Amino acid sequence: MDVIKEAGEKLLISAVILAFIVTALSSFVASQSNISVLGGFTTIVTDLETFHFSASYGFLLLFLSLFLGVFAVYLFEFLVSLIRKEFGGVIYMAQTISFRNHYIVCGGGRIGERVAINLKERGKKVLIVENNEARAVELKKLGFNVLKENALDEKTFKMANAKKASAVFAALGQDVDNFIVVLNAKAAKKDIRIISRCNSTNNLIKFKELGATDVVLPEIVGADRMIYLLEKRSKA
Numbered sequence: 001m002d003v004i005k006e007a008g009e010k011l012l013i014s015a016v017i018l019a020f021i022v023t024a025l026s027s028f029v030a031s032q033s034n035i036s037v038l039g040g041f042t043t044i045v046t047d048l049e050t051f052h053f054s055a056s057y058g059f060l061l062l063f064l065s066l067f068l069g070v071f072a073v074y075l076f077e078f079l080v081s082l083i084r085k086e087f088g089g090v091i092y093m094a095q096t097i098s099f100r101n102h103y104i105v106c107g108g109g110r111i112g113e114r115v116a117i118n119l120k121e122r123g124k125k126v127l128i129v130e131n132n133e134a135r136a137v138e139l140k141k142l143g144f145n146v147l148k149e150n151a152l153d154e155k156t157f158k159m160a161n162a163k164k165a166s167a168v169f170a171a172l173g174q175d176v177d178n179f180i181v182v183l184n185a186k187a188a189k190k191d192i193r194i195i196s197r198c199n200s201t202n203n204l205i206k207f208k209e210l211g212a213t214d215v216v217l218p219e220i221v222g223a224d225r226m227i228y229l230l231e232k233r234s235k236a
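In this note's numbering, the protein residues as written are 1 to 236.
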């Protein structure tokens, strides 16, 4: 689940519970003091401000103050998530603005990681785009520059400074997702080289039509390699 969405749901649930508690407690205080519900609410606020918990409903006020603390924590968590969502991309753009002639690998799975390793071994600057939090952390531990964003979002390529990149590798698991990566890469830089993974031979032409420079089918490459090794051994 998206972090900001999860934090928002927690905040909403806690807000509803808090509203219920405040309403119930205000009604209780109003009935005890023979005043209006609004008067009961005002009394509660005053008691909380003065830390006056010695009243007959002091225990309830203590419970309310504790839940206010929980609400404040969820509110803070939501605000932090929102700030990261809105400004995190801007910060990363500032960090990647110095990237030149780098290689963008979309998808940090087994194939994407292998592509990144090979590029790094050749002394190339690599930027991996990976949307999964846990996977992004793993790749960072391996020493890669990782942009934790969705490669299906066009703005991600702006954040990755694709205009200055040498090539883009579309290494996501589904062909339909790699279609979008190809389109986003072309939108960011028309003449950029795009090497895409393809899972079905039926989609080869489609990838070319969308603008992929080269298309690779991992299963076919693997099978060809196996036959090559067999023939090489036979000739030896």
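All residues carry an ideal CB built from backbone N, CA and C; glycine is no exception.
Being a predicted model, the structure only gives us computed values, none of them experimental.
Buried/exposed call for residue i, threshold 16 Cβ in 10 Å
i, result
"ILE192", "buried"
"THR156", "buried"
"ASP47", "buried"
"MET159", "buried"
"PHE76", "exposed"
"ARG197", "buried"
"TYR74", "buried"
"PHE179", "buried"
"LYS232", "exposed"
"GLU121", "exposed"
"ALA94", "A caution first: ALA94 carries a pLDDT of 49, below 50, which makes its placement in the model too unreliable to give a value."
"SER36", "exposed"
"LYS190", "exposed"
"TYR228", "exposed"
"ALA134", "exposed"
Residue span of the alpha helix (DSSP H) that contains residue i, given as start and end
i, result
"LEU38", "37-50"
"ASP175", "175-188"
"ARG193", "Note, ARG193: premise wrong, no alpha helix (DSSP H); beta strand (DSSP E) at 193-197."
"LYS163", "Premise fails: LYS163 is in no alpha helix (DSSP H) and is neither H nor E."
"GLU152", "In the sequence as presented, Glu is not what sits at residue 152; that position holds Leu. No alpha helix (DSSP H) contains LEU152, which DSSP labels as neither H nor E."
"GLY211", "Note, GLY211: premise wrong, no alpha helix (DSSP H); not H, not E."
"GLY112", "110-121"
Limits of the unbroken beta strand (DSSP E) element including residue i
i, result
"ILE128", "126-129"
"PHE169", "167-170"
One or two residues paired with residue i in a DSSP bridge
i, result
"ILE17", "ILE17 is not bridged to any residue."
"VAL146", "ILE128"
"VAL70", "In DSSP, VAL70 forms no bridge with anything."
"ILE103", "A small correction: the amino acid at residue 103 is Tyr; Ile does not occupy that position in the sequence shown. In the DSSP output, where bridge partners are listed per residue, TYR103 has VAL126, ALA167."
"VAL216", "ARG197"
Reference residue i; option with closest CA among the options
i, options, result
"PHE207", "GLY222, ARG225, ASP175", "ASP175"
"GLU9", "LEU119, SER65, PHE71, SER31", "PHE71"
"TYR103", "GLN32, ASN184, ALA165", "ALA165"
"VAL126", "LEU139, ASN132, GLU133, ARG135", "LEU139"
"ARG100", "ALA136, LEU11, ALA162, ILE128", "ALA162"
Report task. Indicate whether the contact test is met: 3 or more Cβ pairs, each with one atom in the region 30-42 and one in the region 109-118, closer than 8 Å. Result -> no
Report task. Decide if the region 165-172 is in contact with the region 195-209; the criterion is three or more beta carbon pairs, one per stretch, under 8 Å apart. Result -> yes
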